[in-house]
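Before any comments, here is the structure.
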Amino acid sequence: MKFLILSLLLFSYQAQALSLKQFITSFQKNSPKLLQLKAEVDNAQQDYELAWSPLYPQVSLNAGYLDTKSPAASLAFPVPGLTELEQKTYRASLNVDQVLYAGGKIFNNIKLQKSRAAISSLNYQAQTQFLTKNALLSVIRWKFMQESISVLNESLKLQKRFLGLVNKRVRSGLAKNFEYDQAVSEK
93 MKFLILSLLL
103 FSYQAQALSL
113 KQFITSFQKN
123 SPKLLQLKAE
133 VDNAQQDYEL
143 AWSPLYPQVS
153 LNAGYLDTKS
163 PAASLAFPVP
173 GLTELEQKTY
183 RASLNVDQVL
193 YAGGKIFNNI
203 KLQKSRAAIS
213 SLNYQAQTQF
223 LTKNALLSVI
233 RWKFMQESIS
243 VLNESLKLQK
253 RFLGLVNKRV
263 RSGLAKNFEY
273 DQAVSEK
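Using my numbering, read the sequence shown as starting at 93 and increasing by one per residue.
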């Protein structure tokens, strides 16, 4: 409710500066609920895209290098003139894994994530429509109040004019004082 009142005040302050579309857009931009739902839509869409990942091959590449030096005395038989034994080891592996059958779990998860993404999108659209409706109602109420005030001001001007005319009639002798009092009490 505070948000609605603040928006009305903002709109009343900048009524001439904002078009209706701009007002609705700012009304929606300032809604924390709509921002939260937009984030949920984005997350649900990412979960849906991620649900497809088990169907793609999983590739991993591992590589290693080992350089060791050990004293030659550690050999079972000593070699004359050899004091150190140097050993270099290189190792690399490439793994490719592919899911061949997962018992329908993958496709069920994909359908589930697609449904969640659709529900999140519908919630976002519903909140957007709700905020648009509230913004339009705010504008209509504001315009109604504005027009009511102008009608009341016009009515007050007419009443003052009428009382002035009755007062002139009383002063000129065309009417009695009680007619003026009666006109004042009626208005």
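For every residue, glycine included, the Cβ atom is placed at its ideal position computed from N, Cα and C.
Here the structure is a predicted model, which means the values were calculated and not measured.
- The C-beta separation of GLN219 from LEU129 comes to about 5 Å, placing the pair in contact by the 8 Å criterion.
- For GLN238, the enclosing alpha helix (DSSP H) stretches over residues 197 to 264.
- Contact between GLN205 and ALA143 is confirmed by a C-beta separation of about 4 Å, below the 8 Å threshold.
- Take the alpha-carbon of TYR157 and the one of LEU186: they are about 15 Å apart.
- In the three-state scheme derived from DSSP, where H, G and I count as helix and E and B as strand, ASN135 is classed as helix.
- Here DSSP, grouped into helix, strand and coil, assigns LEU127 to helix.
- Short of 6 Å from the beta carbon of PRO149, and not among the five residues preceding or following it, lie these beta carbons of its own chain, in chain order: VAL188 and GLN190.
- Under the criterion of beta carbons closer than 8 Å, VAL133 and SER213 qualify as touching, at roughly 5 Å.
- Counting of Cβ neighbours within 10 angstroms places PHE222 among the exposed residues, the total staying below 16.
- Across the set LEU228, ARG208, GLU239 and ALA209, the C-alpha of LEU228 shows the shortest separation from the C-alpha of GLN114.
- Listed as beta-bridge partners of LYS180 by DSSP are ASP159.
- Using a Cβ distance threshold of 8 Å, ALA209 and ALA155 do not count as a contacting pair.
- SER145 carries a helical assignment under DSSP once its states are collapsed to helix, strand and coil.
- In this structure, the straight-line span from the alpha carbon of LEU244 to that of TYR216 is close to 42 Å.
- Counting along the chain, GLN190 sits inside no alpha helix (DSSP H), nor does DSSP assign it H or E at all.
- Boundaries for SER111: no alpha helix (DSSP H) harbours it, and the DSSP string shows neither H nor E there.
- Beta-bridge pairing by DSSP links SER118 to no other residue.
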